[in-house]
Amino acid sequence: MRKNLDGLTALHIAAGHGHADIVQMLLEYDPELIKAAGPSNGSPLIIAAKRGHAAVVDLLLEKDCSLFTALKSNGRNALHLAARRAFVEVVRSLVGKDKQLGRRSDLKGQNALHMAVRGYSQEVVKLLIEADPAVVVLPDLLGNTALHVATRKARDKLVEVLLLYPETNVNATNKDHKTALDIAEELPYSPESINIRSCLSRKGASRANDLGAVKELKRALQGGINSAHSVNMAAILIAQIAFAAIFTVPSGDDNNGIPLAMSNTSVQVLIICNSIAFFASMAVVLIQVTVTKGEIEPEALAMMAEVTRKLIWLATICIFVVFMTAIYVVVGRRNEWASALITITGGVILLGSLGIKTYYEMKLRRIRSIRKKQT
301 MRKNLDGLTA LHIAAGHGHA DIVQMLLEYD PELIKAAGPS NGSPLIIAAK
351 RGHAAVVDLL LEKDCSLFTA LKSNGRNALH LAARRAFVEV VRSLVGKDKQ
401 LGRRSDLKGQ NALHMAVRGY SQEVVKLLIE ADPAVVVLPD LLGNTALHVA
451 TRKARDKLVE VLLLYPETNV NATNKDHKTA LDIAEELPYS PESINIRSCL
501 SRKGASRAND LGAVKELKRA LQGGINSAHS VNMAAILIAQ IAFAAIFTVP
551 SGDDNNGIPL AMSNTSVQVL IICNSIAFFA SMAVVLIQVT VTKGEIEPEA
601 LAMMAEVTRK LIWLATICIF VVFMTAIYVV VGRRNEWASA LITITGGVIL
651 LGSLGIKTYY EMKLRRIRSI RKKQT
């Protein structure tokens with residue numbers, strides 16, 4: 301248990317030099333040596349992993365599996381150090397015994413993959429990701445994923461490896477509000493930086509400033525889809541009402557099938573407006589049915605949405621007029637006061653609803669404008 305001037309026991313020195321037989325002998329003599337802490341709280345396992353001695357690492361883990369939890373004073377474990385120095389066999393041995401060991405982070409929030417992409421070993425990076433694919437999305441305390449670190453270090457081959465995995469978020473932003481592409485564009489001109497920008501672009505990478513516009517576009521498209529569905533349902537409903545109304549003209553028909561009230565102005569207005577409502581609604585349905593995903597440019601889609609909204613407004617107004625004229629025909633001139641009362645009541649309800657909606661929309665816009673100015 302005695303330590304030299306550097307704070308190392310005999311077991312530390314044997315493990316650091318890869319002398320598995322001496323490590324075995326010392327542990328048989330005193331099993332407690334395996335827990336002895338060296339400088340910066342380094343255990344024999346950490347020193348063996350740091351020097352790349354896979355046989356010693358396996359031997360120590362056979363003696364005590366809890367050594368996985370041993371950390372240096374900076375929070376790094378054996379896998380951190382082996383990955384940083386690209387010791388493939390040591391990394392394979394460690395992740396083989398605990399596949400989620402790569403998720404553990406040091407005091408800076410960095411996991412073993414963050415360490416690995418600072419080097420050049422593609423095999424180590426693949427071992428870590430294949431053991432636990434979730435590590436590619438884990439950020440450090442500064443919000444940097446492994447892709448951010450590999451890009452900043454200009455490790456173009458490692459960037460290529462990271463982009464092979466679907467779990468990699470090519471547009472993740474760190475706390476500096478930078479994506480990997482932002483970092484790549486800040487790199488000095490070199491073949492590596494050119495290759496990194498090319499790889500990122502092929503995978504759909506964006507600058508952080510462009511991501512806001514992309515999110516807004518997605519939100520607008522989703523809103524457009526929901527709006528289109530609502531408009532289509534409204535058009536179908538209006539078309540059904542108009543279709544039914546055209547065959548139930550007030551006052552009935554004579555023996556020849558001619559409407560008795562056809563000479564009445566109200567009935568003529570009813571038939572004309574009903575026909576307009578029907579064909580306007582059917583036009584909306586036809587437009588919505590023929591629009592398929594991916595076949596129309598966003599500008600054209602926006603224009604068609606505007607056209608359908610106007611057609612729905614036209615159909616709605618016509619249906620309102622149809623109902624009012626039908627009321628006048630049914631009630632007759634003797635009870636025009638009832639017709640007027642119904643018309644006024646209906647108008648107040650519709651206009652009041654539109655007024656309330658407009659008021660709250662303007663209020664919401666005002667609040668958003670104030671918040672935007674404050675930010």
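All letters in the sequence shown, in the order written, are residues 301 to 675 by my numbering. Built from N, CA and C at the ideal position, the CB exists for glycine as well.
Should residue i be labelled buried (16 or more other beta-carbon atoms within 10 Å of its own) or exposed?
i	result
P491	exposed
S393	buried
I525	Bear in mind that a pLDDT of 48 at I525, under 50, signals an unreliable position, so the model cannot answer this.
D321	exposed
S343	buried
I670	exposed
G655	exposed
G594	Low confidence applies to G594: its pLDDT is 48, below 50, so where it sits in the model is not reliable, and the reading given next is rough at best. By the neighbour-count rule (16 or more Cβ atoms within 10 Å), G594 is not buried but exposed.
L407	exposed
G402	buried
D456	buried
L442	exposed
T678	No answer is possible for residue 678: the residues shown for the chain start at 301 and end at 675.
S405	buried
V449	buried
V607	exposed
V629	buried
M662	exposed
V461	buried
Who are the near neighbours of residue i in its chain, counting only those whose CB is closer than 6 Å to its CB and skipping five residues on each side?
i	result
R668	none
L521	With a pLDDT of only 47 at L521, under the threshold of 50, the placement of this residue in the model should not be trusted; the figure read from the coordinates follows. So the list is empty, once near-sequence residues are dropped.
A434	none
A386	G419, S421, V424
I409	Residue identity differs from the one stated: residue 409 is Gly in this sequence, not Ile. Counting only Cβ-Cβ distances below 6 Å, and skipping sequence neighbours, we find D440, L441.
R351	G316
CB residue i to CB residue j, shorter than 9 Å?
i	j	result
L326	A349	no
A336	L311	yes
N678	D440	No information on residue 678 is available, as it lies outside the stretch 301 to 675 that the chain covers here.
L345	A370	yes
S340	N374	yes
P331	K303	no
L427	V395	yes
Q422	L458	yes
V390	A431	no
L463	K503	yes
N471	L511	yes
Tell me the residue span of the alpha helix (DSSP H) that contains residue i.
i	result
S393	388-397
G318	Counting along the chain, G318 falls outside any alpha helix (DSSP H), and DSSP gives it neither H nor E.
E460	456-462
M415	412-416
Q400	Looking at the DSSP string, Q400 is not in any alpha helix (DSSP H), and its letter there is neither H nor E.
I347	344-351
C499	491-502
V357	354-363
K426	422-431
I334	Neither: I334 is in no alpha helix (DSSP H) and is coded neither H nor E.
V449	446-452
E486	480-486
H380	378-384
Near residue i, which residues of its chain fall below 7 Å by C-beta distance, leaving aside the five closest residues on each side in sequence?
i	result
A484	T451, S493, I496, R497, L500
N444	N474
R507	T479, L481, D482
K372	S340, N341, G342, I346
V356	A315, G318, A320, V323, A348
M415	H380, A383, R384
K399	A431, D432
A505	V470, N471, T479, A480, L481
L517	Note that L517 scores a pLDDT of 47, beneath 50, so its modelled location is shaky; the value from the coordinates is reported in the next line. Excluding sequence neighbours, L517 sits near nothing in its chain.
Under 8 Å Cβ to Cβ from residue i, same chain only, skipping five residues before and after it: list those, please.
i	result
K453	V417, R418
T625	S566, V567, V569, L570, C573
Y256	Shown here, the chain extends from 301 to 675; a query on residue 256 therefore has no answer.
G646	F620, F623, M624
T643	M624, I627
H477	A508
Y659	none
Measure the beta-carbon distance from residue i to residue j and round it to whole angstroms, keeping in mind my assumption that it falls under 8 Å.
i	j	result
L360	I334	6 Å
A266	L611	The chain is shown only over 301 to 675; residue 266 falls outside these bounds and no answer can be derived.
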